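Q:
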């Protein structure tokens, strides 16, 4: 177990930092937009309405005017609404509830649009980021398939913004060497002086490590 | 000698039958009477504290930002007269306050054909909050003005009060119908609601019929609906909300004890309604902490969910644990023992939460631990007038019943004077 324990948090520092930034920045952005939306969408309305004493008095008076009318001409009570989630509204008057419901519905609507916009950007960002990883995987997979079929000319060419450029470079270098070795072997195999060719092949293969080191 | 004795006995029996009928055999203890006097005096202070010093218009509520209400201003006129008569304020001051208020109502307060707008700017007298020119609120204002005039006969006060009354075009308020419309706005003209069924309308219709200038036909009294209902054996002509105030407002000014309206006595009706209201709330005592034998009073008031027309049965029967102390107390002329018991209970049980500088606050709800932090002008007004009638020789009734308009209303509607004694409790 102890052997498997990671000893270094940063195996590939630039890659990990880039990924951290790729995750943190959108999340931060989302949080900032969401918090700003919440703050300005809800609190600015609530604060605007209630921070001013005159406004508060006017609101209560307006509520009272309506309540007086409703007491004289009763109207049916309201059914389930967005306010039903808030226990605090129990102590509010009918008119105050109507006003709060208006504010809440308006805020909800505004937040819904912001949420949909965020969802769109999030989806777009996720596709963009995942594409930078999935793209190289696909190209590597394609290269391995070609190698499996015996085509050692396969190379991995990544887009500029794709992740894994160093790996692709190392892979291509390795394939270059392998391709070169196999090309030499094939050339030697075609020489007419067989014993000399075999000796050269053996010399070439002497540095190659395989499962069957005979 | 025998003839003289017979004559003497006849005169005595006649005098007895026409003398004021005692409210009740129940006599409050000196402690209770002292408490009631204190409540009345404290309640009176609302009107001096919340009336504009320049115009005299009185705020609808003690809450900051509240506009003035013309009905509350009417109660204030009555309150100043009562306060002056008791010496709670100097007579000169009372006279000056009433005069200022009447001058405002006569010259500055917004009105339509003499019908005042429900809510006015206390400083300017302008219409506020898009309120309607209200028939019932105008009637309550006029009633207060006419009562004040009876305290200061032959003065400028009487002249102005009569002018304000005579300016009201009650006939116009009928809008060509059989009933008086509830109100009118410049925007929508007549409201689609009429005073067509029993509630606090009696004072309005009485003043409208008794008007010397724009009287409505006496038929306006007969036509309004008198729905009959029953709760716990209390048979009542009831108001749709079942709110206690509907059984009280007209009785603040008009003494219905001796008036027989085709077999119905509305004083007795209000007493039965009060008893039914009390028993209705008691039937929910298992569900609501606040309800008990001593703690009752379902009437339109503030509540945890705003101002609502709470009430008993028969009627709407809306209740949620909220009680209005003013409602129980303002039934004192109908049910003195129960009303005093509840006043004592409220005062002793919740002195800090429910009682303040201006008497009882409007309402409370023990289930939700909710206490109104304000006083409503009209609820203060009805409390004051009912206490004054109960504690001080029915003085408001006596003065108001002498008004020519009231005599005219009684005469034209054929209300019969009855001499049967009315007892309560």
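Residue numbers (the working numbering), protein chains in the order written: chain D, 22 to 235; chain Y, 33 to 457.
Glycine residues also receive a C-beta, built at the ideal position from the N, C-alpha and C atoms.
Predicted model, so just to flag it, every value in this text is computed and none were measured.
Grab me the residues of residue 286 of chain Y's own chain with a C-beta within less than 8 Å of its C-beta, minus the 5 sequence neighbours each way, in chain order.
A: Here the set comprises 234, 235, 238, 429, 432, 433 and 438.
Q: Verify the CB distance criterion: does residue 88 of chain D have a CB-CB separation below 8 Å to chain Y?
A: Taking Cβ atoms only, chain Y reaches closer than 8 Å to residue 88 of chain D, which makes this a yes.
Q: What residue range does the alpha helix (DSSP H) around residue 380 of chain Y cover?
A: Unbroken alpha helix (DSSP H) run through residue 380 of chain Y: 368 to 381.
Q: How about the stretch 172 to 179 of chain D and the stretch 140 to 148 of chain D: do they share at least three Cβ pairs that are nearer than 8 Å?
A: With a cut-off of 8 Å, the stretch 140 to 148 of chain D and the stretch 172 to 179 of chain D do not count as touching, because too few Cβ pairs lie within range.
Q: Could you name the residues that DSSP lists as bridge partners for residue 221 of chain Y?
A: Per DSSP, Y/217.
Q: Out of Y/89, Y/79 and Y/394, point me to the one whose CA is closest to residue 116 of chain Y's CA.
A: Nearest option by C-alpha distance: Y/79.
Q: What is the DSSP secondary structure of residue 332 of chain Y, counted as helix, strand or coil?
A: Note: residue 332 of chain Y maps to strand in three-state DSSP.
Q: Compare the Cα-Cα distances from residue 337 of chain Y to each of Y/400, Y/318, Y/288 and Y/367 and report the closest residue.
A: The shortest C-alpha separation from residue 337 of chain Y is found at Y/400.
Q: So for residue 181 of chain D, helix, strand or coil by DSSP?
A: If DSSP states are grouped into helix, strand and coil, residue 181 of chain D belongs with coil.
Q: Counting contacts by CB-CB distance shorter than 8 Å, is residue 12 of chain Y in contact with chain D?
A: The shown model of chain Y, from 33 to 457, leaves out residue 12 of chain Y, and the question about it has no answer.
Q: Please compile the residues from chain Y whose C-beta is within a distance smaller than 9 Å of the C-beta of residue 129 of chain D.
A: Per Cβ cutoff of 9 Å: no residues; residue 129 of chain D is ~23 Å from chain Y at best.
Q: What ranges does the alpha helix (DSSP H) occupy inside the stretch 68 to 152 of chain Y, keeping only unbroken runs of at least 4 residues that lie completely in it?
A: With a minimum length of 4 residues, the continuous alpha helix (DSSP H) runs that stay inside the stretch 68 to 152 of chain Y are 102 to 118 and 123 to 139.
Q: Given this structure, state the Cα-to-Cα distance separating residue 113 of chain Y from residue 124 of chain Y, to the nearest angstrom.
A: The alpha-carbon atoms of residue 113 of chain Y and residue 124 of chain Y are separated by roughly 11 Å.
Q: Which residue from Y/293, Y/402 and Y/212 puts its Cα closest to that of residue 447 of chain Y?
A: It is Y/293.
Q: Going by beta carbon distance, what residues of the same chain come within less than 8 Å of residue 122 of chain D, once the five residues before and after it are set aside?
A: So the qualifying residues of the chain are 102, 103 and 104.
Q: Interface residues of chain Y around residue 78 of chain D at Cβ under 9 Å?
A: Going along chain Y in sequence order, the residues near residue 78 of chain D (Cβ under 9 Å) are 95, 96, 97 and 98.
Q: What are the boundary residues of the alpha helix (DSSP H) that includes residue 242 of chain Y?
A: Here the alpha helix (DSSP H) through residue 242 of chain Y covers 234 to 242.
Q: Work out the CA separation of residue 374 of chain Y and residue 54 of chain D for me, nearest whole Å.
A: Taking the straight line joining both Cα atoms gives about 58 Å.
Q: Reducing DSSP to helix, strand and coil, say where residue 253 of chain Y ends up.
A: In this structure, residue 253 of chain Y counts as helix in the three-state DSSP scheme.
Q: Express the C-alpha separation of residue 316 of chain Y and residue 264 of chain Y in angstroms, rounding to a whole number.
A: Between residue 264 of chain Y and residue 316 of chain Y, the C-alpha separation is close to 14 Å.
Q: Reducing DSSP to helix, strand and coil, say where residue 397 of chain Y ends up.
A: If DSSP states are grouped into helix, strand and coil, residue 397 of chain Y belongs with the strands.
Q: Leaving out five residues on either side along the sequence, give the residues of the same chain with a beta carbon under 6 Å from the beta carbon of residue 322 of chain Y.
A: 353, 355 and 398.
Q: Terminal residues of the continuous beta strand (DSSP E) containing residue 413 of chain Y?
A: Run containing residue 413 of chain Y: none in the beta strand (DSSP E); it sits in the alpha helix (DSSP H), 409 to 423.
Q: Excluding the five sequence neighbours on either side, which residues of its own chain have a C-beta within less than 8 Å of the C-beta of residue 296 of chain Y, listed in chain order?
A: Cβ within range, chain order: 258 and 269.
Q: Can you give me the Cβ contacts of residue 153 of chain D inside the same chain, cut-off strictly under 7 Å, excluding the 5 residues immediately before and after it?
A: Excluding sequence neighbours, residue 153 of chain D sits near 182, 183 and 184.
Q: Let me confirm a value: residue 134 of chain D is counted as buried when at least 16 other C-beta atoms fall within 10 Å, else exposed. Which label applies?
A: Exposed: under 16 other Cβ atoms inside 10 Å.
Q: Tell me whether residue 160 of chain Y sits in a helix, a strand or coil according to DSSP, three-state version.
A: If DSSP states are grouped into helix, strand and coil, residue 160 of chain Y belongs with coil.
Q: Over what stretch of residues does the beta strand (DSSP E) that includes residue 267 of chain Y continue unbroken?
A: 266 to 269 is the extent of the beta strand (DSSP E) around residue 267 of chain Y.
Q: When you compare each of Y/255, Y/179, Y/424 and Y/329 to residue 278 of chain Y by their alpha carbons, which one comes out closest?
A: For residue 278 of chain Y, the nearest C-alpha among the options comes from Y/329.
Q: Comparing alpha-carbon positions, which option in D/188, D/132 and D/148 lies nearest residue 57 of chain D?
A: Cα-wise, what sits closest to residue 57 of chain D is D/132.
Q: Do the stretch 217 to 231 of chain Y and the stretch 413 to 428 of chain Y make contact, defined as three or more Cβ pairs closer than 8 Å?
A: Segments in contact, no.
Q: What in chain Y is Cβ-close to residue 102 of chain D, meaning under 8 Å?
A: Going along chain Y, no residue has its Cβ under 8 Å from residue 102 of chain D, so there is no contact; the nearest lies around 14 Å.
Q: Would you decide whether residue 33 of chain Y is buried or exposed? Buried here means 16 or more other CB atoms lie within 10 Å of its CB.
A: The predicted model places residue 33 of chain Y with a pLDDT of 49, which falls under 50 and marks its position as unreliable; any figure quoted below should be read in that light. Flag for residue 33 of chain Y reads exposed.
Q: Enumerate in chain order the residues of its own chain whose CB-to-CB distance from residue 65 of chain Y is below 8 Å, with the five nearest sequence positions on each side excluded.
A: Same-chain partners within the cutoff: 423.
Q: Return the chain-ordered list of same chain residues with a C-beta closer than 7 Å to the C-beta of residue 158 of chain Y, the five sequence neighbours on each side being excluded.
A: Excluding sequence neighbours, residue 158 of chain Y sits near 142 and 152.
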